[in-house]
Amino acid sequence: GYVANSSMIRRMFEAGIELRKKYGADKVYDFSLGNPDLPPPPEVKQALETIAARADRPFALGYMPNAGYPALREKLAVHLSKEQNVTVPASHVIMTCGAAGGINVFFRAVLEAGDEVICPAPYFVEYGFYAGNHRGRLIPVPSKDFTFELDLDALEKAFTAKTRAVILNTPNNPTGQIYTRAELTRFAEIIAAMEKKYNRTIYVVSDEPYRFLNFDNVELPGTFELFPHSVVIGSYSKNLSLAGERLGYIAVSPKIEGGDELVAALTICNRILGFVNAPALAQQILEVCMEAQVDLEIYRARRTAMAKILTDAGVEFNMPRGAFYFFPKSPVADDRQFVDALLKECILAVPGCGFGGPGYVRLAFCVDAKVIEGAAEGMKRAVASLKK
Ligand code: PLP
Numbered sequence: 010g011y012v013a014n015s016s017m018i019r020r021m022f023e024a025g026i027e028l029r030k031k032y033g034a035d036k037v038y039d040f041s042l043g044n045p046d047l048p049p050p051p052e053v054k055q056a057l058e059t060i061a062a063r064a065d066r067p068f069a070l071g072y073m074p075n076a077g078y079p080a081l082r083e084k085l086a087v088h089l090s091k092e093q094n095v096t097v098p099a100s101h102v103i104m105t106c107g108a109a110g111g112i113n114v115f116f117r118a119v120l121e122a123g124d125e126v127i128c129p130a131p132y133f134v135e136y137g138f139y140a141g142n143h144r145g146r147l148i149p150v151p152s153k154d155f156t157f158e159l160d161l162d163a164l165e166k167a168f169t170a171k172t173r174a175v176i177l178n179t180p181n182n183p184t185g186q187i188y189t190r191a192e193l194t195r196f197a198e199i200i201a202a203m204e205k206k207y208n209r210t211i212y213v214v215s216d217e218p219y220r221f222l223n224f225d226n227v228e229l230p231g232t233f234e235l236f237p238h239s240v241v242i243g244s245y246s247k248n249l250s251l252a253g254e255r256l257g258y259i260a261v262s263p264k265i266e267g268g269d270e271l272v273a274a275l276t277i278c279n280r281i282l283g284f285v286n287a288p289a290l291a292q293q294i295l296e297v298c299m300e301a302q303v304d305l306e307i308y309r310a311r312r313t314a315m316a317k318i319l320t321d322a323g324v325e326f327n328m329p330r331g332a333f334y335f336f337p338k339s340p341v342a343d344d345r346q347f348v349d350a351l352l353k354e355c356i357l358a359v360p361g362c363g364f365g366g367p368g369y370v371r372l373a374f375c376v377d378a379k380v381i382e383g384a385a386e387g388m389k390r391a392v393a394s395l396k397k
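Okay, so the sequence shown: first residue is 10 according to full-length UniProt numbering, each after it adds one.
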């Protein structure tokens with residue numbers, strides 16, 4: 010079933026290979042993947058040179074405690090305390106193999122068979138697999154049409170006696186939406202009421218790999234400020250362009266009762282799921298690059314360029330406030346038909362139905378500006394072909 014269901018993204022991947030062979034790589038406009046193309050910031054190269062110079066010492070890249078290097082956790086706790094507006098102790102920070110590893114570790118630690126995880130849709134499709142890996146069930150709840158703000162009434166109705174967690178992703182993949190303090194505050198009230206009603210803890214898992222990609226400098230409230238029973242999952246895949254190095258973290262809210270027990274469970278799960286610890290090399294890089302990041306201005310300029318080609322082609326969209334995705338409306342009800350029309354123009358997009366958002370498509374703009382400009386005419390032709 011998993012193989013059959015992942016056919017959409019595989020199809021795009023295979024179509025991309027075929028089209029590149031046939032027309033040449035520069036004639037293919039690939040917006041299908043969220044793999045950041047910007048090189049890591051220069052601080053990463055400097056860090057690697059320093060690490061290389063001491064790599065001949067014993068244990069230079071050996072095992073460390075399962076939760077990560079203690080000095081790094083201290084440093085990250087200081088950073089997160091500022092970001093989250095709440096003091097986070099180093100003992101509540103666990104280094105993980107990317108956000109993906111972090112979410113799996115969290116689900117392994119807290120889910121019992123049949124537990125439900127509520128998630129606003131559209132959503133990062135891997136969440137369903139991650140919940141399933143640990144005998145949980147993802148319950149997607151559609152967000153408001155077109156704006157993709159939280160539909161709080163629908164979310165409230167989705168809670169049951171089996172709800173154990175809610176997964177939030179802001180800035181959002183695939184919609185680019187950033188939830189407001191007002192929306193999140195109201196959602197926190199609903200969750201608190203549901204905890205009372207069902208007499209159980211309901212965790213908020215805030216998946217924040219795109220926190221730094223906030224183009225209009227809107228407020229991104231601290232998760233720990235708003236949700237007492239929460240964990241923040243972070244990643245260095247996007248802000249340091251280290252996606253292949255697999256580094257992320259879980260930070261546990263200092264307000265969780267029994268937080269130390271949860272931290273201990275997460276640390277054991279990091280070990281017994283076979284991650285053992287987050288990569289030593291990436292952790293050592295992070296220790297000196299915590300305040301570095303890729304150039305936000307480049308992504309901002311691409312957002313402007315992408316908005317222009319969509320507007321010129323007559324495609325309706327909500328301007329993404331963050332992350333590096335557009336989630337425009339398909340000109341026809343069936344988003345796969347739009348994706349096929351784009352494919353004929355060598356433009357690769359992913360149908361929204363793959364993210365629980367039918368009627369839309371996802372375009373990732375972590376690609377060179379030339380790719381965006383090059384797709385302009387094809388985009389117009391694809392839209393025109395559907396309006397005939
Ligand atoms: N969460 C979201 C919303 C993502 O978009 C991604 C990657 O694209 C991940 C998690 C996984 O990130 P990582 O590479 O840190 O595992």
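From the three backbone atoms N, C-alpha and C, an ideal C-beta is built for every residue, glycine too.
{"Check": "VAL95 vs GLY231 beta-carbon contact at 8 Å", "Outcome": "yes"}
{"Check": "Under the three-state DSSP convention, the category LEU164 falls into", "Outcome": "helix"}
{"Check": "Closest Cα partner of ASN181 within the set VAL392, GLY387, ARG371", "Outcome": "ARG371"}
{"Check": "Cross-strand partners of LYS338 (DSSP beta bridge)", "Outcome": "TYR369"}
{"Check": "Assigned secondary structure, ALA358 (DSSP; H/G/I helix, E/B strand, else coil)", "Outcome": "coil"}
{"Check": "Spatially closest choice to PRO263 from ASP344, GLN93, ASN178, ASN226, by CA coordinates", "Outcome": "GLN93"}
{"Check": "Chain-order list of residues whose beta-carbon lies under 8 Å from that of PHE221 (same chain, five-residue window excluded)", "Outcome": "LYS247, ASN248, GLN302, LEU305"}
{"Check": "C-beta atoms of THR184 and PHE336 nearer than 8 Å", "Outcome": "yes"}
{"Check": "Backbone secondary structure at THR232 - three-state DSSP", "Outcome": "helix"}
{"Check": "Cβ contact check for the segment 373-386 and the segment 30-44: 3 or more pairs under 8 Å", "Outcome": "yes"}
{"Check": "Closest residue to GLU325 among GLY283, ASP269, THR156, VAL376 (Cα-Cα distance)", "Outcome": "THR156"}
{"Check": "Boundaries of the alpha helix (DSSP H) in which TYR136 is found, first to last residue", "Outcome": "135-142"}
{"Check": "Integer-rounded CB distance, given that GLY323 should sit under 8 Å from GLY110", "Outcome": "Actually they do not touch by this definition, with Cβ atoms about 42 Å apart."}
{"Check": "For GLY257, the first and last residue of its enclosing beta strand (DSSP E)", "Outcome": "257-261"}
{"Check": "Status (buried if at least 16 other CB within 10 Å, exposed otherwise) for TYR72", "Outcome": "exposed"}
{"Check": "Outcome for GLY227 when other beta-carbon atoms lying within 10 angstroms are tallied against a minimum of 16", "Outcome": "In the sequence under discussion, the amino acid at residue 227 is Val, which differs from the Gly named in the question. Per the 10 Å Cβ criterion, exposed."}
{"Check": "Simplified DSSP state of ARG220, which is helix, strand or coil", "Outcome": "coil"}
{"Check": "Close Cβ partners of GLU52 (< 8 Å) along its chain, the five nearest in sequence each way excluded", "Outcome": "VAL297, CYS298, ALA301"}
{"Check": "8 Å Cβ shell around PHE268 - same chain, five flanking residues per side excluded", "Outcome": "Here the sequence assigns Gly to residue 268, which means Phe is not the residue at that position. Contacts found: HIS101, VAL261, SER262."}
{"Check": "Identified DSSP bridge partners for ASP65", "Outcome": "Answer is none; ASP65 lacks a bridge partner."}
{"Check": "Beta-carbon gap between GLY387 and GLU354 smaller than 8 Å", "Outcome": "yes"}
{"Check": "For residue 8, the nearest candidate out of LYS397, ALA393, PHE364, ALA385 (CA to CA)", "Outcome": "Nothing about residue 8 can be read from this structure; the chain reaches only from 10 to 397."}
{"Check": "Beta carbon of ARG255 nearer than 8 Å to that of ALA289", "Outcome": "no"}
{"Check": "Residues whose Cβ lies closer than 6 Å to any heavy atom of the ligand PLP, in chain order", "Outcome": "GLY43, GLY107, ALA108, ALA109, PHE133, ASN178, ASN182, ASP216, PRO218, SER244, SER246, ALA252, GLY257"}
{"Check": "C-beta atoms of LEU282 and ARG63 nearer than 8 Å", "Outcome": "no"}
{"Check": "Where ALA170 falls, given that 16 or more other Cβ within 10 Å makes a residue buried", "Outcome": "exposed"}
{"Check": "Assigned secondary structure, GLU121 (DSSP; H/G/I helix, E/B strand, else coil)", "Outcome": "coil"}
{"Check": "Whole-angstrom distance between ILE259 and GLY107, CA atom to CA atom", "Outcome": "10 Å"}
{"Check": "Cα-Cα separation between residue 414 and ALA197, rounded to whole angstroms", "Outcome": "Residue numbering for the chain in the displayed model covers 10 to 397; residue 414 lies beyond these limits and cannot be assessed."}
{"Check": "Simplified DSSP state of PRO50, which is helix, strand or coil", "Outcome": "coil"}
{"Check": "Close beta carbons around GLY25, own chain, < 8 Å, minus the five adjacent residues each side", "Outcome": "VAL37, ASP39, SER41, LEU357"}
{"Check": "Residues near ASP344 in its chain [Cβ-Cβ closer than 7 Å; skip 5 each side]", "Outcome": "PRO360, GLY361, CYS362, PRO367, GLY368, TYR369, VAL370"}
{"Check": "Sequence ranges, beta strand (DSSP E) only - wholly within the segment 290-337, length at least 3", "Outcome": "none"}
{"Check": "Integer Cβ distance of LEU161 from ILE199, believed to fall under 8 Å", "Outcome": "6 Å"}
{"Check": "Residue range of the unbroken alpha helix (DSSP H) whose run includes MET388", "Outcome": "385-396"}
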